[in-house]
Amino acid sequence: MADSTLHQPAYPVRFVTSAALFDGHDAAINIMRRILQSQGAEVIHLGHNRAVHEVVAAAVEEDVQGVAVSSYQGGHVEYFEYLASALRDAGAGHVRVFGGGGGVIVPEEIERLARSGVRIFSPEDGQRLGLPGMINELIQTCDVDLTGERPAVEAVLAGERTALARVITCLQQDALPAADRDALLAAARDRTVPVLGITGTGGSGKSSLTDELVRRLRTDQQDKLRVAILAVDPTRRRGGGALLGDRIRMNSLDGTHVFFRSLATRGGHELPHDIDAVIAACKAAGYDLVILETPGIGQGDAAIVDHVDVAMYVMTPEFGAASQLEKIDMLDFADVVAINKFERRGGADAVRDVSRQLLRNREAFGADPADMPVFGTSAATFNDDGVTALYQHLLELLGARGLPVDEGVLPRVQTRVSTRFAQIIPTARVRYLAEIADTVRTYHARTRDQVAAAQRVQRLELVAAELPGDAAVADLLARARAELDPENAALLARWPEVAESYRGPEQVVRVRDREIRTTLRRESLSGSSIPRVALPRFTDHGELLRFLRSENLPGHFPFTAGVFPFKRDNEDPARMFAGEGDPFRTNRRFKVLSEHSEAKRLSTAFDSVTLYGRDPDERPDIYGKVGTSGVSIATVDDMKALYDGFDLTAPTTSVSMTINGPAPTILAFFLNTAIDQALDRFRAAEGREPTADEAADLRARTLATVRGTVQADILKEDQGQNTCIFSTEFSLRMMADIQEWFVRNKVRNFYSVSISGYHIAEAGANPISQLAFTLANGFTYVEAYLARGMHIDDFAPNLSFFFSNGMDPEYSVIGRVARRIWAIALRDKYGAAERSQKLKYHVQTSGRSLHAQEMNFNDIRTTLQALIAIYDNCNSLHTNAYDEAVTTPTEDSVRRALAIQLIINREWGLAMNENPLQGSFIIDELTDLAEEAVLTEFERISERGGVLGAMETGYQRGKIQDESMLYEHRKHDGSLPIIGVNTFRNPHGEPERTLELARATEREKQSQLDRVREFQRRHRTQAQAALARLEEVARTDENIFEVLMDAARVCSLQQVTETFFTVGGQYRRNV
C-alpha cells in the first residue's frame, strides 16, 4: 500500500502495545509500535510479559482508543477473551483490541476471538495488506474523538481514574467546557498538593529513578499517600507520532495507589501547552503528590521550574569538563541534583564538581560543598542507599510544602552517595572485548609473519641442499630459522608424524593404561575408501603453517574444525526435545523419543508460566498458559515425575533445560531429583536407609557424574528473549553462586550456563550480531567469574554455547568462527588450559525460518540448516519440526524432524567424512569475513562500556530490533524471496489441513493446580523456615545456591521467586 493511500488520523490516536503475559517474544510488537508511531499514533509501549490487569490499567489511565498485543506462547484465546471482558468491566469497552501471533493463532481461534470483539491479524493478512497497510487498519479503526463523552466533574473529584484520564484527554485537546475547567481549578486550589519536577539529560535514568523513589514512598508511608505521575515525551515533528516510553520502566504501579499518565508534547515545546491544568486536575482528583517528569534536555532549557514546587535535575557522571556545568541552566534552579549511574567511572568526581558549581551558582561561598543537595545514586541497583538518601531528602522538602508524611518505616541512611552498588565487571576491566579483539588480530598478524618466515626457511633449506657447505647460505638459513618461533617450527616438524597417524586403517592412542582405537576410513557402496578426516596436501611450509595456526585438524588448537579429533561412533548428535502438558505427559513423550537410542539426550521445554518463575493459577491469563508450549513444573515432585524412568547419572543420559530467569530454582529441583534417584537405588538394592556417610558419598558421586545443561543465560534474556524476572545484578550474582557451588562440589559434567545466541537470532538478529553478542556475553561471564575470585580452569569447562542455524551464508561458518575466537582468547589472553579453550555448542535449526504458509516446505529449510551444522561438527543438534510454526510439534512431526538428522548422518555419503568444510575457498573467506565482523562488533560494544554498559543504553536490543525490521520489510516487499510465502505461492491456495494442536488438557491443567496446592499444604511449616533462611542468606555474601538446594525440597517455584523479589528486585523492562 503506497503512503499516499494511507489513512491520516484526524484526532490524536493513542495505543497501548505489549506482548502477552509470560511472553518474551516482542520482536513483532516492536515493529508494529514503530510503524504506529510513524503513522502518527502516540504509543504507550509496555514491553513483554504483561498481565491483563496491567494492560487494562494502562488503557484506562492513558485513555487510549486501541490496544495491540502480540501472543506467541499459547493461551491466547483465554488471554484475549479475558482482556476484552476486563476492559468492559473497567468502563473501557470502547477500547478496540487487536492481536497477532503469526501462525500460532489458527483460523478457528481467530473466528472465535472475533466474536469477542478482538481483531487478530493472520500471516495471510500481513501478506495481503503489507505491514504499513495492516497498521493503517488499526489507525483508521481507532481514529475517533474521545472528547465527545466527557465525565462529570464530580466523578473526577471523587477520584475515579477513568474520569481523571478522560479529563486529561479533554484538556490536551482544549475540549473541556470552561465551567468544568474552572471547577477543577478551584478544587485544586483548595488542596495543598506539592508538585515534584524531575528533569535531566537524556539517558540519565530519570524514569528508573522516579520508579525507585515512588517504590520507597509506597513502602515508607505504607501506601497511605496517593501519587499521580505525569510523564512527558516529545512528539515527532515528522508524522506527529510519539513513543511514550516511561511507563514501561515503572515497577511500582499497582492501578490503585499510583496514577500514571503519559503525555506527548504535541508541539515544539518541552511541555504540553496546558500542563498546569493537567496538574490541577490531578490535585482535584485527590492525589497527595504530583510528579512531573519531562523529556531529556540539554544545557539550556529549564521550563519545568515554573510548574513545580520542588525541582530535581538528573544527570550522569559523563558531562565532560567541569566548565560544561556552567552552561547547564537547571543548576541555577534545581533544589536537588542526582548524579545517577554513580557506579560509573568518575561518579565521585561528578558529585564533587556539581556540588562546587551549585555552591557558586547560589553564591553560598562560605558553605561546604559537601552540604550542597547533590546525591550520587544508582537506580539500577536494588535498594541502593544513594537513592534512599535522595528519597529522604526529597521527603523533607515535600513535607515542608504540604505533603502529609508520617514517620515512615525506612531506616535513615547516613550517606549522600551509593555505597553498596555491585561492580560486576571491575572498572579497570571494562575494555575486555577490545582487548580480546586485539588478541585475536595479533594472533593472525603473527601467523602472517610466521608464514613468511616458514617459507623463507624452506627456500633456504632447498638452496642449502643444492649448495652444501656454503657458509653464506648456512648463515642466512640460521638467521631465518631464528625468526621462526620454536612452537611453529615444532608444528611443522611434527606434521609428517601427525599426517602419517591418519593414513592407516586405524589410529591407536594410549590414554593412561587404556588403548583407544579409531577407524580412519569408511567404504562407500562403490568401494571408495573415504577418509574420516581429510588432510591438506600442502607442500609449501608457509601454507601448511597457515593451516595449522588458522584451522588445524579437528581436536587441535585453535579448534576451528571441531573440538574433538573424531565424532563418537554410532552416536547421533540429536537431542530429543519435548515439553507439553503436565510432567507425566512429557515423560511419556521422552520415552517414545528415546526408545530406539542408547544415548538419552533429553531436551526440555517449559511452559511460559514456569519460564517466568510462577506456579499454575486459575486466573484466565495464567490458566490458559499452564502446560502449553512446554511442560508445567512447579515443584521438585514435578521434576521427579518428569524424568521418572531415566537414570540421570548414566553416562549415556544428558538433560538440557531451556530456562533462564528462574533457572537456579529449576536446577535445584533437578539436582535434588538426581540425588534422590541415587538414594532410592541404594534403598532398593540394600533394603535399608544409607548411613550419613553413605548418603554423602552417593550425593558426591551423583554430582560428579550427572550430565546436562541449564541455559541460565540472563544476559541474552535482557538483549533478546525477555524471560528476565530478577534484577540483572541479582541474576548474575546467582549465576556466579551456582558456578562456585559447582566448583566446590566437583560438578564437572554439567554446564552451569548455555550461552545462547539462538534466542537472539529468534528476536531478529542477523548471524553476525547473533555470534558477536553471544561470544561477548560469554566473555562477560568469564570476566565476572574471574572478578569473583574463581580460576579460569575451574569454571570455563562448565560454559557451553547454543546457536541458531538459519539460511544466511554466514551460518555455514558460525561454529568455526566461535571456536577460533574462543580458543585464541582463552589461551593467549586468559592463560587457560586446553580443556577450557574448547568451545562446545548445541545448535538448533531456525524457528524464524518456519512459516505457517506451505508448512511442508519447512522441512526442506530445516534439512539444509541441519546439514551445515553437522558439517561444522556441532556437538549436539536439534532439528525443528515443520509444524512448530503454529503449535508445539506432534509426535509425527518430531519423528520427521529427527529423521532429517538420521538421514544425513547415516545415509548422506559425505557424512562419512568429518571435516568436509576444510579446504573450501568460500568457507575460508566466509570464516575470515565473519570473524572480522565479530571483532569489529566487540569494539563497538567496548566503546559503550562492555556488554553491561551497552545493555544499559539498549544497544543490543536496538540493533536486534533494527535487523528484525529489515528482515520483515524485505520479507513483506518480496526482495527477500521466501518460497511458498512471498514467491512460488501455491496457485490453488493453502490446502485444507487438520492440525493436531498440542495444548494442555483441562485435566492436566487442573491436576497441576491441585498438585502444587497439595505440595504447599504438605510443606507449609518447612517452607516458611526455608524461605526465611533463603532471604537471610540472600542479604549477605553467603552462597545462595547452597541454601536453595535445601529450600527447593519444600518450596514451590513461585514461593522462591517471590522471596527473591524481596531481596533482589524485579527486572525493569526496556523499550
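Under the numbering used here, the final residue of the sequence shown carries the number 1060; numbering is consecutive throughout. Just so it is clear, CB atoms sit at the ideal spot from N, CA and C, and this is done for glycine as well. Computed from a predicted structure; not experimentally measured.
Measure the alpha-carbon distance for residue i versus residue j and round it to whole angstroms.
{"i": "H258", "j": "A292", "result": "9 angstroms"}
{"i": "S964", "j": "V620", "result": "39 angstroms"}
{"i": "W811", "j": "K827", "result": "8 angstroms"}
{"i": "G795", "j": "T377", "result": "48 angstroms"}
{"i": "I744", "j": "A652", "result": "13 angstroms"}
{"i": "R150", "j": "A30", "result": "23 angstroms"}
{"i": "L692", "j": "K735", "result": "7 angstroms"}
{"i": "A482", "j": "L542", "result": "16 angstroms"}
{"i": "F410", "j": "F248", "result": "30 angstroms"}
{"i": "V66", "j": "I109", "result": "11 angstroms"}
{"i": "D999", "j": "G650", "result": "25 angstroms"}
{"i": "A407", "j": "T416", "result": "The question names Ala, yet the displayed sequence has Ser at residue 407. So the two alpha carbons sit approximately 16 angstroms from each other."}
{"i": "A426", "j": "P547", "result": "16 angstroms"}
{"i": "A8", "j": "S720", "result": "23 angstroms"}
{"i": "A841", "j": "Q62", "result": "15 angstroms"}
{"i": "P284", "j": "G191", "result": "7 angstroms"}
{"i": "A(-9)", "j": "Y956", "result": "Note that A(-9) scores a pLDDT of 44, beneath 50, so its modelled location is shaky and nothing firm can be said."}
{"i": "T641", "j": "V802", "result": "29 angstroms"}
{"i": "Q444", "j": "L524", "result": "20 angstroms"}
{"i": "L1019", "j": "A266", "result": "49 angstroms"}
{"i": "D134", "j": "M724", "result": "51 angstroms"}
{"i": "V883", "j": "Q708", "result": "30 angstroms"}
{"i": "I857", "j": "T528", "result": "29 angstroms"}
{"i": "L775", "j": "V1022", "result": "22 angstroms"}
Which residue marks the beginning of the alpha helix (DSSP H) containing residue i, and which one marks its end?
{"i": "I893", "result": "880 to 895"}
{"i": "V142", "result": "142 to 146"}
{"i": "L899", "result": "No alpha helix (DSSP H) contains L899, which DSSP labels as neither H nor E."}
{"i": "S1118", "result": "Because residue 1118 is not part of the residues shown, which for the chain are -10 to 1060, the question remains open."}
{"i": "Y302", "result": "From DSSP, Y302 is part of no alpha helix (DSSP H) but of the beta strand (DSSP E) over 299 to 304."}
{"i": "R809", "result": "803 to 813"}
{"i": "T428", "result": "421 to 455"}
{"i": "T925", "result": "910 to 932"}
{"i": "H840", "result": "Taken as a continuous stretch (DSSP letters only), H840 belongs to no alpha helix (DSSP H), as it is neither H nor E."}
Which first and last residues belong to the beta strand (DSSP E) in which residue i is found?
{"i": "S197", "result": "From DSSP, S197 is part of no beta strand (DSSP E) but of the alpha helix (DSSP H) over 195 to 209."}
{"i": "I744", "result": "742 to 745"}
{"i": "D222", "result": "216 to 222"}
{"i": "M723", "result": "Counting along the chain, M723 falls outside any beta strand (DSSP E), though it belongs to the alpha helix (DSSP H) covering 717 to 733."}
{"i": "L1148", "result": "The chain is shown only over -10 to 1060; residue 1148 falls outside these bounds and no answer can be derived."}
{"i": "M565", "result": "565 to 567"}
On the CB-based measure, 16 or more other CB atoms within 10 Å of its CB, does residue i come out buried or exposed?
{"i": "F1049", "result": "buried"}
{"i": "G137", "result": "exposed"}
{"i": "F973", "result": "exposed"}
{"i": "S865", "result": "buried"}
{"i": "Y0", "result": "exposed"}
{"i": "N869", "result": "buried"}
{"i": "I505", "result": "exposed"}
{"i": "R117", "result": "exposed"}
{"i": "I949", "result": "buried"}
{"i": "H585", "result": "exposed"}
To which residues does DSSP link residue i through a beta bridge?
{"i": "Q833", "result": "S793, H867"}
{"i": "I280", "result": "L185, I218"}
{"i": "T698", "result": "S645, Y740"}
{"i": "L232", "result": "V32"}
{"i": "I328", "result": "M304, G365"}
{"i": "S59", "result": "A8, G89"}
{"i": "I180", "result": "The amino acid at residue 180 is misidentified as Ile; the sequence shows Arg. According to DSSP, R180 bridges with nothing at all."}
{"i": "V107", "result": "V86"}
{"i": "R39", "result": "A9"}
Original post:
Which parts of the stretch 477 to 544 are runs of the beta strand (DSSP E), unbroken and 3 residues or longer, counting only runs that do not cross its ends?
Top reply: Listed in chain order, they are 495 to 500, 503 to 508, 510 to 512, 518 to 520.
Original post:
Can you list the beta strand (DSSP E) stretches of 3 or more residues lying completely in the stretch 581 to 640, in chain order?
Top reply: 589 to 594
**OP:** Any chance you could list the alpha helix (DSSP H) runs of at least 4 consecutive residues sitting entirely within the stretch 1003 to 1053, in chain order?
**Re:** 1009 to 1023, 1029 to 1036, 1042 to 1053
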